[in-house]
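Asker:
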Amino acid sequence: MKFTPFKVNFFNLIKLPLAYFGGVRVLTITDTEVIVSIKHRWINQNPFKSMFWAAQGMAAEMPTGILMMKAIDDSKRKVSMLVTRQEAQFFKKATGTILFSCTGGNEIREAIQESIKTSEGQVVILVSEGKNKDGVVVSKFTFEWSLKVK
Numbered sequence: 000m001k002f003t004p005f006k007v008n009f010f011n012l013i014k015l016p017l018a019y020f021g022g023v024r025v026l027t028i029t030d031t032e033v034i035v036s037i038k039h040r041w042i043n044q045n046p047f048k049s050m051f052w053a054a055q056g057m058a059a060e061m062p063t064g065i066l067m068m069k070a071i072d073d074s075k076r077k078v079s080m081l082v083t084r085q086e087a088q089f090f091k092k093a094t095g096t097i098l099f100s101c102t103g104g105n106e107i108r109e110a111i112q113e114s115i116k117t118s119e120g121q122v123v124i125l126v127s128e129g130k131n132k133d134g135v136v137v138s139k140f141t142f143e144w145s146l147k148v149k
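Positions 0 to 149 (numbering that gives the first Met the number 0) are the ones given, in order, by the sequence shown.
1) In this structure, how does DSSP classify Thr117 when only helix, strand and coil are distinguished?
2) Whole angstroms are fine: how far does the CA of Thr117 sit from the CA of Leu81?
3) Check the DSSP bridge columns for Trp144 and list the partner residues they point to.
4) Between Ser49 and Ala93, how many whole angstroms is the CB-CB distance? I'm expecting something under 8 angstroms.
5) Could you give the residue range of the alpha helix (DSSP H) that holds Ser49?
6) Given this structure, state the Cα-to-Cα distance separating Ser79 from Ile115, to the nearest angstrom.
Laid out in structure tokens, this is it:
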């Protein structure tokens, strides 16, 4: 499958409706970076008039997962993948549109190649930063992904 923002957003509508209706949208996909947006709205807000941390978490995980799936698809191998750990830091209220980006595509491809060589599972740590319209980091999520070529 060719990974395009339209196809992934349609997939989210069908398979991940909570993310879709929460406002998570994929903007760009390359081999090395994915950018996802989420807009502060009534449906994803907390009582303090900013975006709920879990809504940010959905948007933050999306670019890491898309990079994993794209690298796996490009490898033409069967690879299992699983988030094994997640951490988050919050620096500022998330209001307006927040862009989450992850640039770990090369690290994922290297881990897949290492798993092919060694037949062992690999761990990849990917960071997804959320920035507001002024370019200020409002939150930073770290995801530990485990992958193993079958």
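Backbone N, C-alpha and C define an ideal beta-carbon position, used for all residues, glycine too.
Answerer: Checking against the coordinates, here is how it stands:
1) Here the question's residue 117 lines up with position 118 in the sequence shown. In the three-state reduction of the DSSP assignment, Thr117 falls in the helix class, which pools H, G and I.
2) On the sequence shown, position 82 is the one that residue 81 refers to. On the sequence shown, position 118 is the one that residue 117 refers to. In a straight line, the C-alpha of Leu81 is about 19 angstroms away from that of Thr117.
3) In the sequence shown, residue 144 corresponds to position 145, counting from 1. BP columns for Trp144 point to Val82, Val123.
4) The count along the sequence shown starts at 1 and reaches residue 49 at position 50. The count along the sequence shown starts at 1 and reaches residue 93 at position 94. Right, the Cβ-Cβ distance comes to about 5 angstroms (below 8 angstroms), so this counts as a contact.
5) Taking the first residue of the sequence shown as 1, we reach residue 49 at position 50. Taken as a continuous stretch (DSSP letters only), Ser49 belongs to no alpha helix (DSSP H), as it is neither H nor E.
6) Here the question's residue 79 lines up with position 80 in the sequence shown. Here the question's residue 115 lines up with position 116 in the sequence shown. Taking the Cα positions, Ser79 is about 12 angstroms away from Ile115.
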